[in-house]
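Residue numbering for the sequence shown follows the working numbering, starting at 595 and increasing by one per position. We put the beta carbon where it would ideally sit given N, CA and C, even for glycine. No experiment lies behind these values; they were computed from the predicted model shown.
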Amino acid sequence: MSGAPDLVVVGPPGSGKSTIGKLLARKLGVAFADTDALIEDRIGRTISDMFTTDGEDAFRLLEREVIAEALDAGHGVLALGGGAVLADATRALLREHRVVALDVDLTDGMRRTGMSTARPLLAGVNPRATFRSLLAARAPLYREVATVRVDTSRRSPNQVVALVLTEL
Ligand code: S3P
Numbered sequence: 595m596s597g598a599p600d601l602v603v604v605g606p607p608g609s610g611k612s613t614i615g616k617l618l619a620r621k622l623g624v625a626f627a628d629t630d631a632l633i634e635d636r637i638g639r640t641i642s643d644m645f646t647t648d649g650e651d652a653f654r655l656l657e658r659e660v661i662a663e664a665l666d667a668g669h670g671v672l673a674l675g676g677g678a679v680l681a682d683a684t685r686a687l688l689r690e691h692r693v694v695a696l697d698v699d700l701t702d703g704m705r706r707t708g709m710s711t712a713r714p715l716l717a718g719v720n721p722r723a724t725f726r727s728l729l730a731a732r733a734p735l736y737r738e739v740a741t742v743r744v745d746t747s748r749r750s751p752n753q754v755v756a757l758v759l760t761e762l
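Below you can see the structure in the form of structure tokens.
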């Protein structure tokens, strides 16, 4: 996809990466891809299943590989899974790309994810506390890779997209 305005979208679960990514891609007239979906296509089962069967480390390894391939191919707008920034090697890859980091607060993040079991890291006994520490631990990593940061809390997808396009 040479010449296309390649963008990567990162942020915690519930920050709206896929929704915003798709809208951004439509506005920019480029393709959209989501690495969680690319991974599920490749393994032929859900990420949740992979976490349970193979463990998080195996997932992170495959995630890094899929992201590297997608970045290499030229991707239009690419949304990453929320934990992709945990890997040093993945953050290093992102340095050469324009990265939109979406923020969300605890209340909106919890509401949007519904704390669903499809998100294995949030399926514990105290999801609110788990989510709070996840947001705190990852905030510096999203900041590190961000070209542009937009808080999606109490904003509609269209408002977020307009802000991203203004800030880029
Ligand atoms: C994860 C977030 C998920 C998915 C996996 C791990 C995380 O993606 O990649 O379950 O570590 O935060 P979303 O951010 O799209 O929920």
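Go ahead and label G605 buried or exposed: buried means 16 or more other beta carbons lie within 10 angstroms of its beta carbon, across all protein chains shown. Around the beta-carbon of G605, 16 or more other beta-carbon atoms lie within 10 Å, marking it buried.
What's the C-alpha gap between A627 and L601? Cα to Cα, A627 sits roughly 11 Å from L601.
On the three-state DSSP scale, how would you describe A667? Look at A667 here: in three-state DSSP terms it is helix.
To which residues does DSSP link D628 through a beta bridge? DSSP, once it has assigned bridges, lists A673 as partnering D628.
Can you tell me whether DSSP reads R654 as helix, strand or coil? Reduced to three states, the DSSP call for R654 is helix.
Look at the Cβ atom of L696, then the Cβ atom of I641, and state whether they are nearer than 8 Å. Not a contact, by the Cβ cut-off of 8 Å.
beta-carbon G703 near the ligand S3P non-hydrogen atom, thresh 7 Å: Checking the Cβ of G703 against the ligand S3P gives no.
Closest to T741 by C-alpha separation, out of T724, A733, E761, S747, would be which residue? Measuring from the Cα of T741, the nearest candidate turns out to be E761.
E690, buried or exposed, once every other Cβ within 10 Å from all chains shown has been counted against 16: Its Cβ having fewer than 16 others within 10 Å, E690 is exposed.
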